[in-house]
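Colleague: The structure that follows is given in the form of structure tokens.
There are 2 protein chains.
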Amino acid sequence: MVRKVTLQDLADRLGVARSTVSRALRGDPQIGVDTRARVQRLAGELDYHPNAAARALTRRRAGVVGLVLPRTSRFVFSNPYFSELLEGISSVAEPAELPILVSAAVRPDYVGWLRAGRVDGLIVLGSSLEGEELRLLETLAAKGSPVVSIHAPSAPTSLVTVTSDEGPGLLGACEHLALLGHEHVAVVTGPPTSHYARARAAGWKGASARVGMTTLRTVHGDDTFASGAAAARTLLAERTAATAWLLGNDLMAFGALQALADAGVRVPGDVAVVGFDDVMPAAVVGLSTVHQGVRTLGEEAMRALHALLRSATPQPIPLVTRFVPRRTSAPSGLAPPTAARAAEGGPFETPVTRTR
Amino acid sequence: MVRKVTLQDLADRLGVARSTVSRALRGDPQIGVDTRARVQRLAGELDYHPNAAARALTRRRAGVVGLVLPRTSRFVFSNPYFSELLEGISSVAEPAELPILVSAAVRPDYVGWLRAGRVDGLIVLGSSLEGEELRLLETLAAKGSPVVSIHAPSAPTSLVTVTSDEGPGLLGACEHLALLGHEHVAVVTGPPTSHYARARAAGWKGASARVGMTTLRTVHGDDTFASGAAAARTLLAERTAATAWLLGNDLMAFGALQALADAGVRVPGDVAVVGFDDVMPAAVVGLSTVHQGVRTLGEEAMRALHALLRSATPQPIPLVTRFVPRRTSAPSGLAPPTAARAAEGGPFETPVTRTR
DNA sequence: GAATTGTGAGCGCTCACAATT
DNA sequence: GAATTGTGAGCGCTCACAATT
Chain H
1 MVRKVTLQDL ADRLGVARST VSRALRGDPQ IGVDTRARVQ RLAGELDYHP
51 NAAARALTRR RAGVVGLVLP RTSRFVFSNP YFSELLEGIS SVAEPAELPI
101 LVSAAVRPDY VGWLRAGRVD GLIVLGSSLE GEELRLLETL AAKGSPVVSI
151 HAPSAPTSLV TVTSDEGPGL LGACEHLALL GHEHVAVVTG PPTSHYARAR
201 AAGWKGASAR VGMTTLRTVH GDDTFASGAA AARTLLAERT AATAWLLGND
251 LMAFGALQAL ADAGVRVPGD VAVVGFDDVM PAAVVGLSTV HQGVRTLGEE
301 AMRALHALLR SATPQPIPLV TRFVPRRTSA PSGLAPPTAA RAAEGGPFET
351 PVTRTR
Chain L
1 MVRKVTLQDL ADRLGVARST VSRALRGDPQ IGVDTRARVQ RLAGELDYHP
51 NAAARALTRR RAGVVGLVLP RTSRFVFSNP YFSELLEGIS SVAEPAELPI
101 LVSAAVRPDY VGWLRAGRVD GLIVLGSSLE GEELRLLETL AAKGSPVVSI
151 HAPSAPTSLV TVTSDEGPGL LGACEHLALL GHEHVAVVTG PPTSHYARAR
201 AAGWKGASAR VGMTTLRTVH GDDTFASGAA AARTLLAERT AATAWLLGND
251 LMAFGALQAL ADAGVRVPGD VAVVGFDDVM PAAVVGLSTV HQGVRTLGEE
301 AMRALHALLR SATPQPIPLV TRFVPRRTSA PSGLAPPTAA RAAEGGPFET
351 PVTRTR
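Residue numbers (my numbering), protein chains in the order written: chain H, 1 to 356; chain L, 1 to 356.
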């Protein structure tokens, strides 16, 4: 490994002071034009890059943000939800020159990251944050640490939270199902340890009731593909009379679809299936689902964090959901079986769904 | 923001030297048992975390690794391939306490990251690395920088590369198709700027020829969903006689499936479709594809990088691919249309496919 | 002499202030 | 006095070596 070039090396070669080089490289206007030119030319020649650790130490800023995904299941990364979230975050972080440190540890040490100055701020996926852990995060935020949560339980705290209003999407789905003649639904929930999953289940039931449908059965899953398949098998074994199945997320819906296909049950002929998230594969499979703009969620979170880092007050824009009808809830026989015809376009379309 | 606790604070409170505290915290055996206990207790009480920048500066190691995904398309993150790769990398990096800095910039400055000491080593997705950029990476590696590439063109360089042998998978797919009676195939390639995509196209053609099938047409895509759909529309418009379509990756295959469904063409009745990668949605959709163990690829890459960081010589285990027959290449009418029955199990099964 | 602790320099920057033209 | 450059301390650690019991 070649010894790295330092500020002092440049200064020695040019016969100026370290600080002059430092200023010239940062484009400080109080440095003479010719000096600056000389410095920058030499820096280019020697391929000089300021040492990040030294800079971080003096500036007391790491220039890095952390993305924390508490691993509630093995499937954090496998869920396309994550990819889309990261893409949104990245699209805002990149122009701001803020590299992203990711963690999906079982018990992520974000406090350590912050305390050690490894990152200047955090975005935490808060879908399953509760109790002590949530309080810890709130305390951090209250003490002035730049922390933004996605989907953390909303409460009157100083923790900036980005989330979306699920109401419109859930209601839209249920109205659609009621119109198709469904009267009985089954709800498949995410892990009961997640406040977010519980809210979703309650939301599905509330929306169903509002359009006159009855929830016959609630099956608990854990947001994974496998649990969706298992839930479907349970419902089939019970010979449920529910003709519409409302899932806590798309991943479980995919699992349910596979189990239904394996059992030879027709979708949407025998059972209608609706998911939540509208992740990429949903359009491919033709899954009817509730679009929540995961990418936009990531963008908003990063924008909010960036504001906090500049000591500004973030104004996260409230996102709204909407129902996206596709094959799995179409009137039986209307669409060809494998048609993933999504009226809304392809899977990568990420419409900006904002209010105000 | 509360002022952070430093080593000096601890030392002052305990009436010992900074270095003693430093050693005690690192568990240095030459520190007395009681001193160590006192130090560690106080550190716990004050929630002390050593400053990462200061530590990195003195140790000359950042304790961070970089993951670079040159963004050849908008869809790096949207491709589930990425999630699975990151999951593999993360599963090895986490126990080694190496946080991961990710970048998917259009022109990622990995040299800068390395030069600035922001990361100690890099994993670079090299599918589209060529020419000058590839040479730059090779130079870095030759000079002793810990760099591991995934899918970089193999050549006798010092650049450690993790990849998989595509032969068995491609041949397996073609044998399967030939057995089903297919005689004419069409190949849809990834971007021509990618050596990896070109090798794939050549591989499909070679394998087809070997089992006696003829490649009637080659259509160029760019590895995205949309380009797969566009390629399918092109083939349909041309009324190709090819009954088996071989795609450069799963994402394009998903696009092709959607376009075929939209056109009312039956799969596999009229056309058989085969992808490559075996990413999560493949099993859901029932896409016949070549499994390449993306997760394992990530694990191997991280293991190799970890070896380099310890100045060891990495021994990446060669991975092999295998064909996974599913619905889209099944004998017409054999499987129910929506059956995503994968003989190999669900989408999250990631069998370790290793030789030796 | 072995076990334990302290001293002091240095890692490579930035920033306030002083000094020069 | 305005424009430009230099001085020196300090950020918070670690490590070689010295000093103490």
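Virtual Cβ for every residue (Gly too), placed ideally from N, Cα, C. Model, not experiment: these values are computed from the prediction.
With H, G and I counted as helix, E and B as strand and the rest as coil, what does DSSP make of L/Val320?
Modeller: Position 320 of the second sequence holds residue 320 of chain L. It is a strand residue.
Colleague: Anything in chain L within Cβ reach of H/Phe276, meaning under 9 Å, just list it in chain order.
Modeller: Working through the first sequence from its first residue, we reach residue 276 of chain H at position 276. Result: empty, since nearest Cβ-Cβ is about 16 Å, beyond 9 Å.
Colleague: Spell out whether any CB of chain H is found under 9 Å from the CB atom of L/His49.
Modeller: The sequence position of residue 49 of chain L within the second sequence is 49, counting from 1. So, interface residue.
Colleague: Of all the CB atoms in chain L, is at least one closer than 9 Å to the CB of H/Trp113?
Modeller: Within the first sequence, the letter at position 113 stands for residue 113 of chain H. Judged by the 9 Å Cβ criterion, H/Trp113 is in contact with chain L.
Colleague: Cβ of H/Ile89 within 8 Å of any heavy atom in the ligand NAP?
Modeller: You won't find the ligand NAP in this model; it holds no ligand whatsoever.
Colleague: Below 8 Å on the Cβ atoms is my guess for H/Thr321 versus H/Val290; work out the distance and round it to an integer in Å.
Modeller: Translated into positions along the first sequence, residue 321 of chain H becomes position 321. Translated into positions along the first sequence, residue 290 of chain H becomes position 290. Between H/Val290 and H/Thr321 the Cβ distance is about 5 Å, and since that is below 8 Å, they are a contact.
Colleague: Could you name the residues of the same chain whose beta carbon sits closer than 7 Å to that of L/Ala43, not counting the 5 residues immediately before and after it, in chain order?
Modeller: The count along the second sequence starts at 1 and reaches residue 43 of chain L at position 43. Excluding positions up to five away in sequence, the list reads Leu10 and Leu25.
Colleague: Taking the alpha-carbon of L/Asp222 as reference, which of L/Leu216, L/Ala237, L/Ala253 and L/Val211 has the nearest alpha-carbon?
Modeller: The residue given as residue 222 of chain L occupies position 222 in the second sequence. Measuring from the Cα of L/Asp222, the nearest candidate turns out to be L/Ala253.
Colleague: For a cutoff of 9 Å on Cβ pairs, would you count L/Ala186 as touching chain H?
Modeller: For the purposes of this step, residue 186 of chain L is identified with residue 186 of the second sequence, where counting begins at 1. Answer no: the Cβ-Cβ gap between L/Ala186 and chain H never drops below 9 Å.
Colleague: Threshold first: 3 residues or longer. Then list the beta strand (DSSP E) segments lying entirely within the region 122-206 of chain L, N to C.
Modeller: 147-150, 160-162 and 184-189
Colleague: Examine the Cβ distances between the region 233-242 of chain L and the region 244-263 of chain H and report whether three or more of them are shorter than 8 Å.
Modeller: no
Colleague: Give me the subset of the region 90-103 of chain L whose CB atoms are less than 8 Å from a CB atom of chain H, sorted by chain position.
Modeller: Ser90, Glu94, Pro99, Ile100, Leu101, Val102 and Ser103
Colleague: So, is the C-beta of H/Leu334 closer than 9 Å to a C-beta in chain L?
Modeller: Counted from its first residue, the first sequence places residue 334 of chain H at position 334. Reliability fails at H/Leu334, whose pLDDT of 39 lies under 50, so the model's placement of it is uncertain and the value that follows must be treated cautiously. H/Leu334 has a beta carbon lying at 9 Å or more from every beta carbon in chain L.
Colleague: State whether the region 58-71 of chain H contacts the region 117-127 of chain H, with contact taken as three or more CB pairs (one from each stretch) at a distance under 8 Å.
Modeller: yes
Colleague: Is the CB of H/Gly206 under 9 Å away from at least one CB in chain L?
Modeller: Residue mapping note: residue 206 of chain H aligns to position 206 of the first sequence, counting from 1. Not closer than 9 Å to any Cβ of chain L, the Cβ of H/Gly206 fails to qualify, so no.
Colleague: Determine, using beta carbons only, whether H/Pro316 comes closer than 9 Å to chain L.
Modeller: As a position in the first sequence, residue 316 of chain H is number 316, starting the count at 1. By this cut-off, H/Pro316 is not an interface position.
Colleague: In terms of DSSP beta bridges, what is L/Trp245 paired with?
Modeller: On the second sequence, position 245 is the one that residue 245 of chain L refers to. Beta-bridge pairing links L/Trp245 to L/Ala186 and L/Val273.
Colleague: Using three-state DSSP, classify L/Gly221 as helix, strand or coil.
Modeller: What you label residue 221 of chain L is simply residue 221 of the second sequence in a count that begins at 1. Three-state DSSP puts L/Gly221 in coil, outside helix and strand.
Colleague: By the 10 Å Cβ neighbour count, where 16 or more other Cβ atoms means buried, how is L/Leu334 classified, buried or exposed?
Modeller: For the purposes of this step, residue 334 of chain L is taken as the residue at position 334 of the second sequence. Residue confidence for L/Leu334 is low, a pLDDT of 39 falling below 50, so the modelled location carries little weight; the figure read from the coordinates is stated next. Result: exposed.
Colleague: Where does L/Asp270 land, buried or exposed, given buried means 16+ other C-beta within 10 angstroms?
Modeller: Translated into the one-based positions of the second sequence, residue 270 of chain L becomes position 270. L/Asp270 is exposed by the Cβ-count criterion.
Colleague: My understanding is that H/Pro99 touches L/Ser128, with C-beta atoms under 8 Å, so please give their C-beta distance in whole angstroms.
Modeller: Taking the first sequence and counting its residues from 1, one reaches residue 99 of chain H at position 99. Taking the second sequence and counting its residues from 1, one reaches residue 128 of chain L at position 128. About 22 Å; that fails the 8 Å criterion.
Colleague: Of the choices L/Val211, L/Val162, L/His184 and L/Leu136, whose alpha-carbon is the least far from that of L/Asp109?
Modeller: Here residue 109 of chain L refers to the residue found at position 109 of the second sequence. Closest by alpha carbon: L/Leu136.
Colleague: Please go through the same chain and pick out, in chain order, the residues whose beta-carbon is closer than 6 Å to the beta-carbon of H/Ala244, but skip the five residues on each side of it.
Modeller: For the purposes of this step, residue 244 of chain H is identified with residue 244 of the first sequence, where counting begins at 1. By the criterion of a C-beta distance shorter than 6 Å, H/Ala244 is surrounded in its chain by Leu177, His182, Val185 and Ala272, once the five residues flanking it on both sides are discounted.
Colleague: Measure the beta-carbon distance from L/Val188 to L/Ala256 and round it to whole angstroms, keeping in mind my assumption that it falls under 8 Å.
Modeller: Your numbering for residue 188 of chain L matches position 188 in the second sequence. Your numbering for residue 256 of chain L matches position 256 in the second sequence. Going by Cβ atoms, the distance from L/Val188 to L/Ala256 rounds to 7 Å, so yes, they are a contact pair.
Colleague: Do H/Phe276 and H/Gly298 have their CB atoms nearer than 9 Å?
Modeller: Numbered from 1 along the first sequence, position 276 holds the residue referred to as residue 276 of chain H. Numbered from 1 along the first sequence, position 298 holds the residue referred to as residue 298 of chain H. Taking 9 Å as the Cβ cut-off, H/Phe276 and H/Gly298 do not qualify as a contacting pair.
Colleague: Does DSSP put L/Ser384 in a helix, in a strand, or in coil?
Modeller: Since the first residue shown for chain L is 1 and the last is 356, residue 384 of chain L is missing from the structure and cannot be characterised.
Colleague: Mark H/Ser149 as exposed unless 16 or more other C-beta atoms lie within 10 angstroms of its C-beta, in which case mark it buried.
Modeller: For the purposes of this step, residue 149 of chain H is identified with residue 149 of the first sequence, where counting begins at 1. Looking at its Cβ environment, which holds 16 or more other Cβ atoms inside 10 Å, H/Ser149 is buried.
Colleague: I need the straight-line Cα distance from L/Met280 to H/Glu84, nearest angstrom please.
Modeller: Taking the first residue of the second sequence as 1, we reach residue 280 of chain L at position 280. Taking the first residue of the first sequence as 1, we reach residue 84 of chain H at position 84. Near 15 Å, if we compare the C-alpha coordinates of H/Glu84 and L/Met280.
Colleague: Give a yes or no on whether the minimum CB-CB distance between H/Glu175 and chain L is below 9 Å.
Modeller: In the first sequence, the residue the question calls residue 175 of chain H occupies position 175. It does not: the Cβ of H/Glu175 has no partner Cβ on chain L nearer than 9 Å.
Colleague: Give me the chain L residues within the contact set of H/Pro331, using Cβ-Cβ distance strictly less than 9 Å, ordered along the chain.
Modeller: Here residue 331 of chain H refers to the residue found at position 331 of the first sequence. Result: empty, since nearest Cβ-Cβ is about 16 Å, beyond 9 Å.
Colleague: Does any C-beta atom of chain L lie closer than 9 Å to the C-beta of H/Gly44?
Modeller: To locate residue 44 of chain H, count along the first sequence from 1; it is residue 44. It does not: the Cβ of H/Gly44 has no partner Cβ on chain L nearer than 9 Å.
Colleague: Could you tell me which residues DSSP pairs with H/His291 in its beta bridges?
Modeller: Residue numbering aside, residue 291 of chain H sits at position 291 when the first sequence is read from its first letter. Paired residue(s): H/Asp277 and H/Arg322.
Colleague: Would you report the Cα separation of H/Thr224 and L/Pro146, rounded to the nearest angstrom?
Modeller: To locate residue 224 of chain H, count along the first sequence from 1; it is residue 224. To locate residue 146 of chain L, count along the second sequence from 1; it is residue 146. About 36 Å.
Colleague: At what residues does the alpha helix (DSSP H) containing L/Gly88 begin and finish?
Modeller: Translated into the one-based positions of the second sequence, residue 88 of chain L becomes position 88. Where L/Gly88 is concerned, the enclosing alpha helix (DSSP H) stretches over Pro80 to Ala93.
Colleague: Tell me the rounded alpha-carbon separation between H/Val162 and H/Ala152.
Modeller: Within the first sequence, the letter at position 162 stands for residue 162 of chain H. Within the first sequence, the letter at position 152 stands for residue 152 of chain H. The C-alpha of H/Val162 lies about 8 Å from the C-alpha of H/Ala152.
Colleague: Tell me whether the beta-carbon of H/Val119 lies closer than 9 Å to the beta-carbon of H/Ala62.
Modeller: In the first sequence, counting from the first residue as 1, residue 119 of chain H sits at position 119. In the first sequence, counting from the first residue as 1, residue 62 of chain H sits at position 62. Taking 9 Å as the Cβ cut-off, H/Val119 and H/Ala62 qualify as a contacting pair.
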